[in-house]
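Student: In the numbering used here, the protein residues as written are 23 to 525.
What follows is a structure written as structure tokens; I'll ask about it next.
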RNA sequence: GGUCCUGUGGCCGAGUGGCUAGGCAGAGCUCUGCAAAAGCUUCUACAGCGGUUCGAAUCCGCUCGGGACCUCCA
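Below, the structure written as structure tokens:
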């Protein structure tokens, strides 16, 4: 069995994964900025790294999964007056930043639950770690790689690059950017005059009087720069050096590059061994952006309440859709593609449900169909290798889909129950459960286990069967059609039975 | 302009130098009172042009197209 490999952005190649401490993995993923509602773009990294988390646990690792909440910065909410105009109002009338942050944090957590993502081990907030960030900044200043200007503190990128290139940690080691080129291509930004060099980035920002999110610091009242929070929190909870750092590709530069620089100064090493980056989601071939008016919030995605959407798509449909693509490929989002995923998931899930109903005996030692046995065993045996190859979830799903006709044929009696050996049947049941439920985190979305509903539908099915036996098709069709319009689809089975499904 | 990624059949998407990816949609057949579901079969491929090779969608070059990032934006 090939060992687990990840594509490491740092080395730009696949590497065999080995944890720093045997049996334990430290995983840090950049979390959301809770100044607005999560959108489709947020779905991908958090589902992707949920799979990473689940898979490492499946392999037997004890994983500490840290995913931060970025809740510090300059936040505003649409429809409310800007901060400086409301300073004279009573406290309850003012925009309270923590209220805003709480609102969107709650919405984020709601979305994560909808996607069936497992909660991280630790979910630290930036505002809860101001002290750690200040300490880290002080250390960088003490080492001479940062300077203060008008109450703000900037990281001296040029000096860092000059000194750390010799220690194999040049600025640009992760993103592949050459510092000299960047000096020329930087766009104009505020406060540039405070910086010694355009490439420098802020560690601490001086807060203007109207800025309501502010903390005391050695440099006056202000708030932390964007990159320092992740360095401070990952170091605190995972140590100077940990196993995996994840996030979207858009974070590779500057965010992760700056994290490396900060940690390199403070801890003298690159903070993470493996840097994993998921690719972005495009919509109808275009990137998501306000200028294209194609930013879809998750609540809109689920409800279908957006002009781009012809219908709503359930969280599991979205999850399945994301899993059908390798995480490092761009993923194009369209109604047609989502509808395909929706139907594919339904087909997969029905077969899975059916498979779990099969009774597996111990007595089939020799397969009734040797070719089929070899095929099924081959597919099942190859799944782990696909997963180990940089998490090729698309290929694993393709393999499982190859077994769907086998399951359905067994159900319909087209393939004998003893065509496969008992051990392969057990393996199939086990693998479907392991991958679909444990690793991919898929779950039943429609409640079919309601006992009262089952009893009622069983009675109706009986009545309909009697009607059909009398060739009273007017009655049988009426039952079927009216149930369908109520969202319940009856299916006449090959063996004369009736099954039903909520649609 | 710079750095990097990418271009697979109607749509979405795996992929290895030589062997059917898979899903959705379409077509035919089987099953069925009809339908749905299911099963079987089947049609559309590797942007273009060169090169390397016995052989390339897969390696190299060029052209054209798409995308991400380029320092306070999460």
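Every residue, glycine too, gets a C-beta built ideally from N, C-alpha and C.
Please tell me whether residue 346 and residue 254 are closer than 8 Å, where the distance is taken between their beta carbons.
Tutor: Indexing the first chain from 1 puts residue 346 at position 324. Indexing the first chain from 1 puts residue 254 at position 232. Cβ atoms of residue 346 and residue 254: not closer than 8 Å.
Student: Can you tell me which of 132, 365 and 514 puts its alpha carbon nearest to the alpha carbon of residue 486?
Tutor: Position 464 of the first chain holds residue 486. That would be 514, whose Cα lies nearest to the Cα of residue 486.
Student: Any contact of the region 151 to 165 with the region 344 to 361, i.e. 3+ C-beta pairs under 8 Å?
Tutor: As far as the Cβ criterion goes, the region 151 to 165 does not touch the region 344 to 361, which means the pair count is below three.
Student: Would you kindly check if the distance between the Cβ of residue 344 and the Cβ of residue 330 is under 8 Å?
Tutor: Within the first chain, residue 330 is the residue found at index 308, counting from 1. Within the first chain, residue 344 is the residue found at index 322, counting from 1. Not in contact: residue 330 and residue 344 (Cβ atoms no closer than 8 Å).
Student: When you compare the CB positions of residue 462 and residue 144, do they come within less than 8 Å of one another, or not?
Tutor: By 1-based counting over the first chain, the position of residue 462 is 440. By 1-based counting over the first chain, the position of residue 144 is 122. Not closer than 8 Å, so no.
Student: Pick from 60, 86 and 31: whose alpha carbon is nearest that of residue 50?
Tutor: As a position in the first chain, residue 50 is number 28, starting the count at 1. It is 86.
Student: Can you give the Cα-Cα distance for residue 341 and residue 137, rounded to whole angstroms?
Tutor: Start at 1 with the first residue of the first chain, and residue 341 comes out as number 319. Start at 1 with the first residue of the first chain, and residue 137 comes out as number 115. Cα to Cα, residue 341 sits roughly 7 Å from residue 137.
Student: For residue 170, I'd like the list of residues in its chain whose CB is within less than 6 Å of its CB, leaving aside the five on either flank, ordered along the chain.
Tutor: For the purposes of this step, residue 170 is identified with residue 148 of the first chain, where counting begins at 1. So the qualifying residues of the chain are 241.
Student: Ignore the nearest five residues each way along the sequence and tell me which others in residue 372's own chain have a CB closer than 7 Å to its CB.
Tutor: Indexing the first chain from 1 puts residue 372 at position 350. Cβ within range, chain order: n/a, list empty.
Student: What did DSSP end up calling residue 295 once you bin it into helix, strand or coil?
Tutor: Position 273 of the first chain holds residue 295. Strand.
Student: Using a 10 Å radius around the Cβ and a threshold of 16 neighbouring Cβ atoms, would you call residue 326 buried or exposed?
Tutor: Here the question's residue 326 lines up with position 304 in the first chain. Exposed, because fewer than 16 other Cβ atoms sit within 10 Å of the Cβ of residue 326.
Student: When the Cα of residue 310 is compared with those of 182, 339, 272 and 334, which residue comes out closest?
Tutor: Numbered from 1 along the first chain, position 288 holds the residue referred to as residue 310. The candidate whose alpha carbon is nearest that of residue 310 is 272.
Student: Does DSSP put residue 484 in a helix, a strand or coil?
Tutor: One-based indexing of the first chain puts residue 484 at position 462. It is helical.
Student: Should residue 132 go down as buried or exposed, given a rule of 16 or more other Cβ atoms within 10 Å for buried?
Tutor: Mapped onto the first chain, residue 132 falls at position 110. With fewer than 16 Cβ atoms within 10 Å of its Cβ, residue 132 is classed as exposed.
Student: Take residue 150 as the anchor and find which of 258, 46 and 190 has the nearest alpha-carbon.
Tutor: Here residue 150 is taken as the residue at index 128 of the first chain, counted from 1. That would be 258, whose Cα lies nearest to the Cα of residue 150.
Student: For the candidate residues 482, 492 and 495, whose alpha-carbon lies nearest to that of residue 522?
Tutor: As a working note, residue 522 is residue 500 in the first chain. Closest option to residue 522, Cα to Cα, is 482.
Student: Grab me the residues of residue 431's own chain with a C-beta within less than 7 Å of its C-beta, minus the 5 sequence neighbours each way, in chain order.
Tutor: What you label residue 431 is simply residue 409 of the first chain in a count that begins at 1. The residues are 437.
Student: Contact between the region 53 to 61 and the region 273 to 282 is defined here as three or more beta-carbon pairs at a separation below 8 Å; is this criterion met?
Tutor: No, the region 53 to 61 does not touch the region 273 to 282.
Student: Let me confirm a value: residue 268 is counted as buried when at least 16 other C-beta atoms fall within 10 Å, else exposed. Which label applies?
Tutor: Numbered from its first residue, the first chain carries residue 268 at position 246. So residue 268 ends up on the buried side.
Student: My output table needs one value for residue 165: the three-state DSSP class, helix, strand or coil.
Tutor: Mapped onto the first chain, residue 165 falls at position 143. Residue 165: coil per DSSP, three-state reduction.
Student: Using DSSP's beta-bridge definition, name the partner residues of residue 228.
Tutor: Along the first chain, read from residue 1 onward, the residue named residue 228 stands at position 206. According to DSSP, which records beta bridges pairwise, residue 228 is partnered with 244.
Student: List the whole-angstrom C-beta distance separating residue 47 from residue 83, where the pair is believed to meet the contact cut-off of C-beta under 8 Å.
Tutor: To locate residue 47, count along the first chain from 1; it is residue 25. To locate residue 83, count along the first chain from 1; it is residue 61. About 5 Å separates the two Cβ atoms, so the contact holds.
Student: Please classify residue 163 as buried or exposed, where buried requires at least 16 other C-beta atoms within 10 Å of its C-beta.
Tutor: By one-based count along the first chain, residue 163 stands at place 141. Classification for residue 163: buried.
Student: What do you get for residue 458, buried or exposed, if any count of 16 or more other CB atoms within 10 angstroms of its CB means buried?
Tutor: As a first step, residue 458 is located in the first chain; it is residue number 436 there, counting from the start. The residue is buried, with at least 16 neighbouring Cβ atoms inside 10 Å.
Student: Skipping 5 residues on each side, what residues in its chain have a beta carbon closer than 7 Å to that of residue 507?
Tutor: Within the first chain, the letter at position 485 stands for residue 507. Excluding residues within five positions, none has a Cβ falling inside 7 Å.
Student: Spatial neighbours of residue 422 within its chain, please: CB distance less than 7 Å, with the 5 preceding and 5 following residues excluded, ordered by chain position.
Tutor: For the purposes of this step, residue 422 is taken as residue 400 along the first chain, with counting starting at 1. Excluding residues within five positions, the ones whose Cβ falls inside 7 Å are 370, 454 and 457.
Student: Assuming contact is defined by CB atoms lying nearer than 8 Å, are residue 228 and residue 247 in contact in what I supplied?
Tutor: Translated into positions along the first chain, residue 228 becomes position 206. Translated into positions along the first chain, residue 247 becomes position 225. No, these two residues do not count as a Cβ contact at 8 Å.
Student: If you draw a straight line from the alpha carbon of residue 512 to that of residue 475, how long is it in whole angstroms?
Tutor: Mapped onto the first chain, residue 512 falls at position 490. Mapped onto the first chain, residue 475 falls at position 453. Cα-Cα distance, rounded: 14 Å.
Student: Of the residues 119, 95, 124 and 135, which one's Cα is nearest the Cα of residue 225?
Tutor: Walking along the first chain from the start, residue 225 turns up at place 203. The option with the nearest alpha carbon to residue 225 is 95.
Student: In three-state DSSP terms, what is residue 89?
Tutor: Residue numbering aside, residue 89 sits at position 67 when the first chain is read from its first letter. Strand at residue 89.
Student: Just to check my reading of the structure: residue 446 and residue 406 have Cβ atoms closer than 8 Å, yes? What is that Cβ distance to the nearest angstrom?
Tutor: As a first step, residue 446 is located in the first chain; it is residue number 424 there, counting from the start. As a first step, residue 406 is located in the first chain; it is residue number 384 there, counting from the start. Not confirmed; about 16 Å, so no contact.
Student: For the region 172 to 205, list the alpha helix (DSSP H) runs that are entirely contained and at least 4 residues long, ordered along the chain.
Tutor: Taking only runs of at least 4 residues, the alpha helix (DSSP H) segments lying wholly in the region 172 to 205 are 179 to 186.
Student: Give the secondary structure of residue 499 by DSSP, where H, G and I count as helix, E and B as strand, and everything else as coil.
Tutor: As a working mapping, residue 499 is identified with position 477 in the first chain. In the structure shown, residue 499 sits in a helix (DSSP, three-state: H, G or I).
Student: Excluding five sequence neighbours on each side, which residues of the same chain lie with their C-beta closer than 8 Å to the C-beta of residue 304?
Tutor: Here residue 304 refers to the residue found at position 282 of the first chain. If we look at residue 304 and ignore the five residues flanking it on each side, its Cβ neighbours are 310, 352, 353, 354 and 355.
Student: DSSP puts residue 522 in a beta bridge; with which residues?
Tutor: Within the first chain, numbered from 1, the residue matching residue 522 stands at position 500. DSSP output for residue 522 lists 512 as bridge partner(s).
Student: In terms of alpha-carbon separation, which member of 62, 399 and 89 lies closest to residue 251?
Tutor: Here residue 251 is taken as the residue at index 229 of the first chain, counted from 1. Of the candidates 62, 399 and 89, the one whose C-alpha sits nearest the C-alpha of residue 251 is 89.
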